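Quick note: the sequence shown uses the numbering used here, first residue 1133, plus one each step.
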Amino acid sequence: MTYEECIQACMACMEECNRCYDACLQEENVQMMAACIRLDRECADMCAFAAKAMQANSPFAAQICGLCAEICQACGDECAKHEHDHCQRCADVCYQCAQACRKMAA
């Protein structure tokens, strides 16, 4: 796993979380989606931060990627609970990013 591959996974996850966030806000029962919306935001922000850290060759990139993996996993787990297509797509991308970040953190 190279920085570039992990950066691409983080950017894809950030984009998918932003799409899921927006779609969740359009759902009829937004309250039911509150945890998903919150984690979509946190995950998107963390993925952007992790990508930036890797692009800058930060000495903390491995630790940042480790935390990013945890947040991506949590977001994926929450999104997977919902049957909406956007949540299922987001869960898949979150799990892929979590796997990439775990490899970078190792």
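Quick reminder that beta carbons are idealized off the backbone N, C-alpha and C, glycines included.
These numbers come from a predicted model, not from an experiment.
Does the distance from the CB of residue i to the CB of residue j come in under 9 Å?
| i | j | result |
| --- | --- | --- |
| M1178 | C1156 | no |
| R1221 | C1152 | yes |
| M1133 | A1232 | yes |
| C1226 | C1211 | yes |
| A1230 | Q1205 | yes |
| H1216 | E1159 | yes |
Taking only three categories from DSSP, how would you classify residue i?
| i | result |
| --- | --- |
| A1188 | coil |
| M1133 | coil |
| K1213 | coil |
| Q1220 | helix |
With distances taken Cα to Cα, identify the nearest neighbour of residue i among the options.
| i | options | result |
| --- | --- | --- |
| M1143 | D1154, M1186, I1169 and E1215 | M1186 |
| R1170 | R1234, C1149 and A1237 | C1149 |
| I1203 | Q1163, A1180, N1161 and E1215 | A1180 |
| E1136 | Q1163, E1215 and A1183 | A1183 |
For the stretch 1157-1175 and the stretch 1190-1197, state whether three or more C-beta atom pairs, one from each stretch, are separated by less than 8 Å. no
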